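What follows is one structure encoded as structure tokens, with my remarks underneath.
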Amino acid sequence: MRPIDVIEGKVSVLDRADVDTDQIIPKQFLKRVERTGFGEFLFYDWIRDGEIELEPNPILVTGANFGCGSSREHAPWALEDFGFEAIVAPSFADIFYSNCTKVGLLPAILSEEHCRAVAEAGEARIDVDDETVTCAAGVFKFEVEPDVKHRLLNGLDDIGITLENGAAIDAFEGSGAAGRGPVTTAL
Amino acid sequence: MPQTMFDKLWEAHEVSENLIYIDLHLVHEVTSPQAFDGLRLAGRGVRRTDKTLATADHNTPTDGTMAARLIADELSRIQVETLERNCEEFGIPVYSLGSDRQGIVHVIGPELGVTQPGMTIVCGDSHTSTHGAFGSLAFGIGTSEVEHVLATQCLVQKRPKTMRISYSGDLGSGVTPKDLILATIGRLGTGGMTGYAVEYAGPAIEALEMPGRMTICNMTIEGGGRAGMIAPDEKTIEWVRGRPGAPADFEAAAERWRQLPSDAGVAFDTEVDVDAGAISPMVTWGTNPGMVCEVTDSVPDPEAMDSPADRESAERALAYMGLEAGTPMTEVAPERVFIGSCTNSRIEDLREAAAVVDGRKVAASVRAMVVPGSQQVKADAEAEGLHDVFRSAGFEWREAGCSMCLGMNPDILIEGERCASTSNRNFEGRQGKGGRTHLVSPKMAAAAAIEGHFVDIRDWS
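Protein sequences, first through last, are from chains A and B.
The numbering used here runs 902 ahead of the 1-based position in the first sequence.
The numbering used here runs 57 ahead of the 1-based position in the second sequence.
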């Protein structure tokens, strides 16, 4: 994943709460075995039916509980491939939030009031290191876990970091703590 | 210091801070191909093939196609064949189409006895919370995390907060675990459990058998909770005993499992109390599982809602669902009925539905189907003659898979069709573009198939 530190530019707005991943990327597109090319299918039914219009700006501001439902990582892939670099919302579903941080799409949580202010401003600058969203209405603080921030800023592969900790995994397995549970290869 | 069951599970699996060890990784065809590609690109292997198990379920046709190469839909065929190839290349056991162990990943885990108390279990599927019914810590992950677990057998996780939902009293006659969890989500909202590992507790939970407990934990994610769990007891232990994956040193394992329940007096970050005796059969009226009411209620009036956001969401949902505020739910008439999914496709669910259907006929206005959760469920049901009960009534009797829960295979609603479904999500387009889903229990779905509209199963005979 590529490093991200500052995201700056126009803001797209999707003023809805509880947007689920079935809307973000409908199931018929999950049959692809590739990781790229999902952007053209983003919000496929809503856009095709003229329910919403979305510009591929760097920042998307939306409602609470964004990304609820299925764990499909195809949702952040589609949002990123469409052109978004950051999603700003009052809250996110847990799995979606985690998936975003794995692919370098910044999920930033602001209060509902601040989300509206950013939406109205139409443009914003997000500084990942400072954990701030700056727009015409002011400077708003959001929070990112330190280890997530470190990975985002440096574009680091999670697996690489964990494998650096390989000795701890070896030790855990060696202690017998991992010896319990079924052996799937012996069923 | 007293600990919650979650604390015990977390601490037993913490390799280092925020890095937890995974005892079982379940894999299916939709969320894994890009993860295997990632491994190949980086020259990495699968660390513990003996803790990994794959099946094909999301894409599989339910029309009797018994081999991946015979799947008519080209993209589905490629995806299932890709799973088989990846599993062969990396040495992972796989139960694909044609295997008598194939089925919905969350049905076959418990069925094979590989889902056991005290374990950490993950899968690239949000309904992995199902396995928490055994007193395990089980949750859904994304594809990057699937790749991470394949490569390291560990997962980077922020420790969630803990919530306990305690159910007092007894569920009334005709009221099922599905109604209990729908009522809970209706009360807490679709984001009410976000950030929490949820433990379901209390006499009403202890009284349930394992399948009902699985139904409840399964839908935790619909309340926003990544993991739902229930303390193991003798019912849990007896479920696992004798299954293919059961531990060789069973009694020693069972003794360890008995230590898992939350200690007396332990504090949770959030406690919720629910009177199970006050819960009625539930039906969803909108486009998320929190938009739910009692079957005796009418379609709610958005005008009566306090917040403008709720009002707007409800108006949009009613327009999508083609419903008028004030219509009694018992006048709502589905044209399709789907009994299946990881929420309600186990043998016990099919027995409950069959008891309602037995000797009756599906209404002329309804097309109804039953999709068993696994090949094993199908075989068990056929041994009991349930397939004859359903077929005689006019139900279609299908092969195992996720089927119309998410409509990745040919089992879908057409635009505007209304469906009584035992699945878990009533999102727009979930069961087919323009399809209208009402989530209900197996009994309620079966009764709706016979009557051609929703009925209060408590009055129905």
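Just so it is clear, CB atoms sit at the ideal spot from N, CA and C, and this is done for glycine as well.
Bear in mind the structure is a predicted one, so any value in this text is a computation, not a measurement.
query: Rounded straight-line distance, which links the Cα of Ala-1080/A to that of Phe-484/B; result: 39 Å
query: Contiguous beta strand (DSSP E) assignments of at least 3 residues, all confined to the region 374 to 439 of chain B; result: 393 to 396 and 424 to 427
query: Interface residues of the region 1059 to 1072 of chain A facing chain B [CB-CB below 7 Å]; result: Asp-1060, Ile-1061, Thr-1064, Leu-1065, Asn-1067, Ala-1070 and Ile-1071
query: Distance CB(Glu-372/B)-CB(Pro-359/B) smaller than 9 Å; result: yes
query: Check whether Ile-262/B and Gly-971/A have beta carbons under 9 Å apart; result: no
query: Meets three-Cβ-pair contact criterion under 8 Å: the region 394 to 401 of chain B and the region 452 to 469 of chain B; result: yes
query: Stretch pair the region 414 to 427 of chain B + the region 445 to 454 of chain B: three plus CB contacts closer than 8 Å; result: yes
query: Phe-945/A beta carbon less than 9 Å from that of Ile-961/A; result: no
query: Residue burial classification, Asp-120/B (beta-carbon count within 10 angstroms, cutoff 16); result: exposed
query: Simplified DSSP assignment, three categories, for Trp-454/B; result: strand
query: Val-1041/A burial status per 10 Å Cβ neighbour count (16 or more: buried); result: exposed
query: Cβ pair count under 8 Å reaching 3, the region 298 to 318 of chain B against the region 199 to 219 of chain B; result: no
query: Asp-332/B (DSSP reduced to helix, strand or coil); result: strand
query: Candidates Glu-1014/A, Glu-975/A and Ile-906/A, of which the one nearest Ser-183/B by Cα; result: Glu-975/A
query: Where His-205/B meets chain A, residues with beta-carbon distance less than 9 Å; result: Lys-1004, Asp-1060, Ile-1061 and Thr-1064
query: Straight-line gap, Asn-481/B to Ala-1038/A (C-alpha atoms, nearest Å); result: 42 Å
query: Neighbouring residues, chain B, relative to Ala-980/A (Cβ below 8 Å); result: Simply none; closest approach about 13 Å.
query: Start-to-end residues for the alpha helix (DSSP H) that takes in Asp-1029/A; result: No alpha helix (DSSP H) contains Asp-1029/A, which is instead part of the beta strand (DSSP E) from 1025 to 1029.
query: Span of the beta strand (DSSP E) around Thr-923/A; result: Unbroken run through Thr-923/A is the alpha helix (DSSP H), 923 to 926; no beta strand (DSSP E).
query: C-beta neighbour in chain B for Glu-1045/A, strict 9 Å; result: no
query: The region 142 to 156 of chain B / the region 185 to 192 of chain B touching (three or more Cβ pairs under 8 Å); result: no
query: From Val-446/B, Gly-458/B, Ile-404/B and Asp-332/B, residue whose alpha carbon lies closest to that of Asp-437/B; result: Ile-404/B
query: Same chain, Cβ closer than 6 Å to Pro-304/B, five either side skipped, listed in chain order; result: Ala-310
query: Nonlocal neighbours in the same chain, by C-beta distance under 6 Å from Tyr-152/B, ignoring five residues either side; result: Thr-112, Arg-158 and Gln-159
query: CB contact below 9 Å: Ala-436/B versus chain A; result: no
query: Contacting residues, own chain, Cβ-Cβ under 6 Å from Gly-148/B (five flanking each side not counted); result: Thr-106
query: Phe-256/B classed as buried or exposed, judged by whether at least 16 other C-beta atoms fall within 10 angstroms; result: In the sequence as displayed, the identity of residue 256/B is Glu instead of Phe. Per the 10 Å Cβ criterion, buried.
query: Distance between beta carbons of Leu-239/B and Pro-346/B, contact taken as under 8 Å; result: 7 Å
query: Same chain, Cβ closer than 6 Å to Val-329/B, neighbours up to 5 away in sequence not counted; result: Ile-222
query: Ala-195/B: first and last residue of the uninterrupted alpha helix (DSSP H) it sits in; result: Segment 194 to 197 is the beta strand (DSSP E) holding Ala-195/B; no alpha helix (DSSP H) there.
query: Rounded C-alpha distance that separates Glu-369/B from Met-267/B; result: 39 Å
query: Residues near Val-908/A by beta carbon distance below 8 Å, same chain, minus five either side; result: Arg-1027, Ile-1028, Asp-1029 and Val-1030
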